[in-house]
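In my numbering, the protein residues as written are 1 to 102.
Here you go:
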């Protein structure tokens, strides 16, 4: 009988979130845990096979070997580049300040 560890797999959409708790064999990778969780079946939108993964907010490779208590998070693609959004917001603020000075 092989040793088992408890891990979680999490995925979230704006209107639905799910965390599945799994017992997996020692040596299971992040990608294997996602497959074993069958979490994609709970969502209408398909989870891409190459979706980035993380553990507690820190990106990891698909081959990352899990430890007891890890939570594998499946990340969705960004809608907008955060750097570009900040640049746009700063430009609008500069324009607003210039208008207020005149």
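Just so it is clear, CB atoms sit at the ideal spot from N, CA and C, and this is done for glycine as well.
### Query
What span of residues does the beta strand (DSSP E) with residue 10 cover, start to end?
For the purposes of this step, residue 10 is identified with residue 10 of the chain shown, where counting begins at 1. 4-13 is the span of the beta strand (DSSP E), which, as asked, contains residue 10.
#### Entry: Status (buried if at least 16 other CB within 10 Å, exposed otherwise) for residue 21
As a working mapping, residue 21 is identified with position 21 in the chain shown. By the neighbour-count rule (16 or more Cβ atoms within 10 Å), residue 21 is not buried but exposed.
#### Entry: Rounded Cβ spacing between residue 98 and residue 72 (contact assumed at less than 8 angstroms)
Translated into positions along the chain shown, residue 98 becomes position 98. Translated into positions along the chain shown, residue 72 becomes position 72. Going by Cβ atoms, the distance from residue 98 to residue 72 rounds to 48 angstroms, so no, they are not a contact pair.
### Message
Only counting the same chain, and skipping five residues up and downstream in sequence, which positions put a Cβ closer than 7 angstroms to that of residue 23?
### Response
By one-based count along the chain shown, residue 23 stands at place 23. Once the five neighbours on either side are set aside, the close Cβ partners of residue 23 are 4 and 6.
### Straight-line gap, residue 37 to residue 79 (C-alpha atoms, nearest Å)
Taking the chain shown and counting its residues from 1, the one referred to as residue 37 is at position 37. Taking the chain shown and counting its residues from 1, the one referred to as residue 79 is at position 79. Straight-line Cα distance between these residues: approximately 26 angstroms.
### Query
Does DSSP put residue 22 in a helix, in a strand, or in coil?
As a working mapping, residue 22 is identified with position 22 in the chain shown. Strand.
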